[in-house]
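Comments concern the structure below.
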Amino acid sequence: MLTITNLEKRYKAGDRALKGVSMTLAPGDIVGLIGPSGAGKSTLIRCVNRLVDPTAGSIRLGNIDLTTLDGPALRKARRRIGMIFQEYALVERLTVMENVLSGRLGYVGFWQSWFRRFPEADVQRAFSLLERVGLIDHVDKRADALSGGQRQRVGIARALAQDPELLLIDEPTASLDPKTSRQVMRLILELCTERKLAAIVNIHDVALAQMFLPRIVGLRAGEIVYDGPASGLNAEVLTRIYGEEDWTKTSNSQSDELDDDPPASLVLPESRAVAAAR
Amino acid sequence: MAILINPDGARHWRLLTPGQQRWRWMAWLALVALTVFCWRIMTADTIWAFVSDAPRQAQDIFGRMLPPRWVYINQLWKAIWDTINIATLGTLIAIVLATPLAFLAARNTTPSALFIRPVALFIIVASRSINALIWGLLLVAVLGPGVLAGIIAIALRSIGFIGKLLYEAIEEIDETQVEAIRATGAGQAQVMSYGIWPQILPAFATISVFRWDINIRESTVLGLVGAGGLGLALEGSLNTLAWPQVSLILLIILVTVVISEWITAKVRKIII
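So the sequences go chain by chain: A and B.
This note's numbering puts the first residue of the first sequence at -5, with every later residue one more than the last.
This note's numbering puts the first residue of the second sequence at 33, with every later residue one more than the last.
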């Protein structure tokens, strides 16, 4: 469904952020993209919806090559790709509803959107999305009046309002506390499964990635150094991605050895309660 | 920065090295010398007998001004109305022209940084470099005396002011919000109206009412060059040495400015 082939990005300053990255997503595939800061994770997903223009290579969504698009064709393609941001990137001074409806901007004309005269179907859709992410009581609040977790839910609803086939998710939990992070990740995963969306999730927290994401791609200095199941992330692979460090407390290999008593940090809150009871 | 090491090996820190310290002293000394020098030039032509007389003269004029000639206000209503209209219409015209100009001048929204941006910046600078009074003088010569010249003078001066502050506000916006709107597939105009406009709205409101507030004051003097409003009445009264009328006009200007100040504060509070 999404095929990235030999993607290159060279910034004006001359640094190569991506050095021939290739990966494929089947419909419904959810991929966690991990790697050190500056490895090119953000650049990679921003190339997909062309917030960043790649230097070479191709990105095919279905049978369209995204790298060559321009003008209205690019807008049409962007509608199919929802994006969720690290710092939420909500329009702070607009209401929750307006923020969610802004996900429909690719479908309506300028004056329609300027006077907020969105089609009734769009508004109903926004209501049901807000219901789904649990913000139905905050519809008319301004976005800057919400807490971090609530804002990220608005961000999720906005992305889904586009009715996308693919979600690009950039560090969704980097600004959230551990509990909210888990709730937000779980919500994203549920929504992707419900709607059979493919997703690329940039994520810093390896434990969180292992907990929620079936497939992990490791990026280091603009190159893919690992592409496989989350269970394959052992100390050796993490060293390959991040460099030398004591990974025994983080990697799965530890919990494999201690099968019947996994470390609390690696299990879902539900099972943690069980573990505590034991 | 200076880290000094004493003979006993202890480290000390001071902001300036002794050399820098000396330089700073010299600079201050030069500044004081310059001030004394300038003062001598300024006062060379002063006739000190007049200056020593000043308190008495001021007292004399003040005495003639009081009490203000209250009944004169009945002839001033029209002029007050004109002044407010000059300020308000001038500001409105300036807002309409300056807003697109600001978008053309801001580095992150200009369609062409090479051609259009310098032109927009030039218009902004040119407008600001000429005082409203001088615009008024020119326009009275072109359009003839009257309110219209005043309105256009105010507008021309305000374009630069509003344009400059607004384009600075546009350049300071949070780009991730713009990015998020662009990622939804929004068109260029939609990106502006959703990603940029809400972010600059508070600045836009503050700048506009602030300029209106300034323009109320400026339009009171525009009449001095024949561009209508209170200034016209002020000039007439000054020329006929009608001091009680002058004091009434000054009082009215003060009241108008206080009221406009109050309105400005209210508007700012509502919008932010």
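Virtual Cβ for every residue (Gly too), placed ideally from N, Cα, C.
Distance check for residue j and residue i, CA to CA, integer angstroms please.
| i | j | result |
| --- | --- | --- |
| leucine 266 of chain B | leucine 254 of chain B | 10 angstroms |
| isoleucine 235 of chain A | valine 178 of chain A | 25 angstroms |
| valine 223 of chain B | proline 230 of chain B | 11 angstroms |
| tyrosine 4 of chain B | isoleucine 182 of chain A | Coverage of chain B is limited to positions 33 through 304, which leaves residue 4 of chain B absent and any answer about it impossible. |
| tyrosine 199 of chain B | serine 190 of chain B | 14 angstroms |
| histidine 44 of chain B | proline 50 of chain B | 13 angstroms |
| proline 87 of chain B | tyrosine 104 of chain B | 28 angstroms |
| leucine 19 of chain A | asparagine 43 of chain A | 15 angstroms |
| alanine 269 of chain A | arginine 176 of chain A | Any reading at alanine 269 of chain A needs caution, since the residue's pLDDT is 45, under 50, leaving its predicted position unreliable; the model's value is listed next. The straight-line gap from Cα to Cα measures roughly 18 angstroms. |
| valine 257 of chain B | glutamine 220 of chain B | 45 angstroms |
| lysine 6 of chain A | glycine 32 of chain A | 16 angstroms |
| tryptophan 102 of chain B | glutamine 91 of chain B | 21 angstroms |
| isoleucine 24 of chain A | arginine 160 of chain B | 56 angstroms |
| alanine 11 of chain A | leucine 27 of chain A | 15 angstroms |
| leucine 63 of chain A | cysteine 41 of chain A | 12 angstroms |
| asparagine 274 of chain A | isoleucine 148 of chain B | Shown here, chain A extends from -5 to 272; a query on residue 274 of chain A therefore has no answer. |
| arginine 300 of chain B | tryptophan 105 of chain A | 27 angstroms |
| leucine 38 of chain A | glycine 216 of chain A | 9 angstroms |
| methionine 77 of chain A | serine 107 of chain A | 20 angstroms |
| leucine 197 of chain B | glutamate 293 of chain B | 19 angstroms |
| glycine 182 of chain B | serine 251 of chain B | 7 angstroms |
| glutamate 204 of chain B | valine 133 of chain A | 28 angstroms |
| alanine 297 of chain B | isoleucine 232 of chain B | 18 angstroms |
| alanine 130 of chain B | methionine 91 of chain A | 31 angstroms |
Tell whether a beta-carbon distance below 8 angstroms holds between residue i and residue j.
| i | j | result |
| --- | --- | --- |
| alanine 137 of chain B | isoleucine 162 of chain B | no |
| valine 210 of chain B | isoleucine 228 of chain B | yes |
| phenylalanine 193 of chain B | arginine 249 of chain B | no |
| isoleucine 58 of chain A | isoleucine -2 of chain A | no |
| valine 102 of chain A | phenylalanine 112 of chain A | yes |
| glycine 293 of chain A | phenylalanine 206 of chain A | It is not possible to answer for residue 293 of chain A, since the shown part of chain A is limited to -5 through 272. |
| leucine 161 of chain A | cysteine 186 of chain A | yes |
| leucine 123 of chain A | leucine 154 of chain A | yes |
| alanine 259 of chain B | valine 172 of chain B | yes |
| proline 158 of chain A | arginine 74 of chain A | yes |
| glycine 100 of chain A | glycine 217 of chain B | yes |
| alanine 111 of chain B | leucine 262 of chain B | yes |
| isoleucine 194 of chain A | isoleucine 163 of chain A | yes |
Is the shortest distance between the beta-carbon of residue i and the beta-carbons of chain B less than 8 angstroms?
| i | result |
| --- | --- |
| valine 178 of chain A | no |
| valine 85 of chain A | yes |
| glutamine 156 of chain A | yes |
| methionine 205 of chain A | no |
| asparagine 196 of chain A | no |
| glycine 100 of chain A | yes |
Less than 8 angstroms between CB atoms is the rule here; does residue i satisfy it with respect to chain A?
| i | result |
| --- | --- |
| proline 230 of chain B | yes |
| leucine 48 of chain B | no |
Please confirm whether residue i has its beta-carbon closer than 8 angstroms to some beta-carbon of chain E.
| i | result |
| --- | --- |
| glycine 97 of chain A | Absent from the structure: chain E. Protein chains present are A and B. |
Anything in chain A within Cβ reach of residue i, meaning under 8 angstroms, just list it in chain order.
| i | result |
| --- | --- |
| serine 225 of chain B | Phe104, Ser107, Trp108 |
| leucine 233 of chain B | Arg87 |
Counting C-beta neighbours from all protein chains within 10 Å, is the total for residue i 16 or more, i.e. buried, or is it exposed?
| i | result |
| --- | --- |
| threonine 141 of chain B | buried |
| isoleucine 186 of chain B | buried |
| alanine 258 of chain A | Only weak support is given to the placement of alanine 258 of chain A: the predicted model assigns it a pLDDT of 43, under 50, and the question is left unresolved by the model. |
| arginine 119 of chain A | buried |
| phenylalanine 135 of chain B | buried |
| lysine 35 of chain A | buried |
| serine 144 of chain B | exposed |
| proline 223 of chain A | exposed |
| threonine 115 of chain B | buried |
| glutamine 156 of chain A | buried |
| valine 287 of chain B | exposed |
| methionine 74 of chain B | exposed |
| lysine 190 of chain A | exposed |
| methionine 58 of chain B | exposed |
| tryptophan 167 of chain B | buried |
| phenylalanine 236 of chain B | buried |
Which residues in chain B sit within 7 angstroms of residue i, going by Cβ to Cβ distance?
| i | result |
| --- | --- |
| phenylalanine 79 of chain A | Thr208, Ala212 |
Quick one: which chain A residues come within Cβ less than 7 angstroms of residue i?
| i | result |
| --- | --- |
| glycine 219 of chain B | Arg69, Phe104 |
| alanine 215 of chain B | Asn43, Leu45, Arg72, Met77 |
| glutamine 222 of chain B | Leu99, Phe104, Ser107 |
Find the residues of chain B that neighbour residue i, judging by a C-beta separation of less than 9 angstroms, and give them in chain order.
| i | result |
| --- | --- |
| glycine 34 of chain A | None at all; the shortest Cβ gap to chain B is about 17 angstroms. |
What I want to know is whether the C-beta of residue i ends up closer than 7 angstroms to one or more non-hydrogen atoms of the ligand PLP.
| i | result |
| --- | --- |
| lysine 3 of chain A | Here there are no bound small molecules, and the ligand PLP is not part of this structure. |
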